[in-house]
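Protein chains in written order, with my numbering: chain W, 27 to 140; chain X, -13 to 97. Just so you know, even glycine gets a beta-carbon here, dropped at the ideal spot from N, CA and C. In this text, all values refer to a predicted model and were calculated from it rather than measured experimentally. Below: the structure, in structure tokens.
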């Protein structure tokens, strides 16, 4: 069974630029999560999808961050414009559905904003 | 509200020694509790989880954890550390279909 795929693995941009991350969850998984993991901290949930609907985006900085999961499969997370404090690892995870307690994580995208 | 506190951001043990990583949680609902491991430049991998039933939970790689409701704790242990256990470990609690992670503990294993 293929795991959660993410790309790119690394990205370096300058502040005020825009960036997008892509995630392909495990086949058949209805729930998809995006987390931000700042160095030295645990992952923080940014947004949670159930199929193509948003379940929770309470911690997503909506003035600069956006995410979509148009067909209920792949998802993209965008930052525009980026700030220095956005430097972090962005982790995507998926689970069978929102009631399932087990999440499967991708390898993450490491973002550095200069 | 749900939250997790991991005591000790860095723990160092000798190879073959006991590993003990501490986790305390706060939850307004019966908690589901998890331990994840993260190796450098990789995502998180589930070690073990407690949902209901037996309070001593066994996971992969010889790790286990015990849910103690009275102490609101879910400490992770392994009888004998191996060099390959060097990684960062995260405790997490799930409530209302959301996961809350601790800040992590980096385990260093000395030869």
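Chain-order list of residues whose beta-carbon lies under 7 Å from that of residue i (same chain, five-residue window excluded)
i: residue 72 of chain X; result: 93, 94, 95
i: residue 105 of chain W; result: 44, 45, 90, 91, 112
i: residue 38 of chain W; result: 138, 140
i: residue 1 of chain X; result: 67, 68, 69, 95, 96, 97
i: residue 78 of chain W; result: 95, 96, 97, 98
Inter-residue spacing [alpha-carbon to alpha-carbon] between residue i and residue j
i: residue 120 of chain W; j: residue 31 of chain X; result: 12 Å
i: residue 107 of chain W; j: residue 44 of chain X; result: 45 Å
i: residue 48 of chain X; j: residue 33 of chain W; result: 32 Å
i: residue 99 of chain W; j: residue 130 of chain W; result: 15 Å
i: residue 36 of chain W; j: residue 56 of chain X; result: 43 Å
i: residue 139 of chain W; j: residue 39 of chain X; result: 46 Å
i: residue 46 of chain X; j: residue 8 of chain X; result: 18 Å
i: residue 42 of chain X; j: residue 76 of chain X; result: 18 Å
i: residue 28 of chain X; j: residue 14 of chain X; result: 32 Å
i: residue 4 of chain X; j: residue 132 of chain W; result: 30 Å
i: residue 101 of chain W; j: residue 41 of chain W; result: 23 Å
i: residue 97 of chain W; j: residue 56 of chain W; result: 11 Å
i: residue 86 of chain W; j: residue 61 of chain W; result: 10 Å
i: residue 117 of chain W; j: residue 24 of chain X; result: 12 Å
Cross-strand partners of residue i (DSSP beta bridge)
i: residue 93 of chain W; result: W:103
i: residue 56 of chain W; result: None; residue 56 of chain W has no bridge partner.
i: residue 76 of chain W; result: W:57, W:79
i: residue -10 of chain X; result: X:11
i: residue 128 of chain W; result: Paired residues: none, contrary to the question.
i: residue 32 of chain W; result: W:49
i: residue 25 of chain X; result: DSSP output for residue 25 of chain X lists no bridge partner at all.
i: residue -2 of chain X; result: X:94
i: residue 121 of chain W; result: W:57
i: residue 71 of chain W; result: W:61
i: residue 34 of chain X; result: X:21
i: residue 144 of chain W; result: What the structure shows of chain W is the stretch from 27 to 140, and residue 144 of chain W is not part of that stretch, so it cannot be assessed.
Residues that residue i contacts on chain W, provided the C-beta gap is smaller than 8 Å
i: residue 37 of chain X; result: 127
i: residue 18 of chain X; result: 127
i: residue 80 of chain X; result: 127
Proximal chain X residues relative to residue i, where beta-carbon distance stays under 7 Å
i: residue 75 of chain W; result: Those within 7 Å of residue 75 of chain W in chain X number zero; the least Cβ separation is about 12 Å.
i: residue 68 of chain W; result: 76, 87, 88, 89, 90
i: residue 134 of chain W; result: 29
i: residue 82 of chain W; result: 84
Neighbouring residues, chain X, relative to residue i (Cβ below 9 Å)
i: residue 117 of chain W; result: 29, 30
i: residue 71 of chain W; result: 84, 85, 86, 87
i: residue 100 of chain W; result: Correct list: empty, because the minimum Cβ distance to chain X is about 17 Å.
Beta-carbon contacts of residue i that lie in its chain and below 6 Å, excluding the five residues immediately before and after
i: residue -9 of chain X; result: 10
i: residue 115 of chain W; result: 63, 134, 136
i: residue 48 of chain W; result: 33, 102
i: residue -12 of chain X; result: 13, 79, 81, 86
i: residue 36 of chain X; result: 19, 43, 53
i: residue 100 of chain X; result: The structure shown has nothing for residue 100 of chain X, since chain X only spans -13 to 97.
i: residue -4 of chain X; result: 92
Sequence-distant residues of the same chain with beta carbon closer than 8 Å to residue i, five excluded per side
i: residue 52 of chain W; result: 27, 28, 29, 30, 120, 130
i: residue 76 of chain W; result: 56, 57, 123, 124
i: residue 85 of chain X; result: 20, 78, 79
Neighbour list for residue i in chain X, Cβ cutoff strictly below 8 Å
i: residue 17 of chain W; result: Residue 17 of chain W is absent from the structure shown; chain W starts at 27 and stops at 140.
Interface residues of chain C facing residue i [CB-CB closer than 9 Å]
i: residue 131 of chain W; result: This model lacks chain C altogether, as its protein chains are W and X.
What are the complete beta strand (DSSP E) segments, minimum 3 residues, inside the stretch 37 to 81 of chain X? 42 to 44, 50 to 54, 59 to 64, 73 to 81
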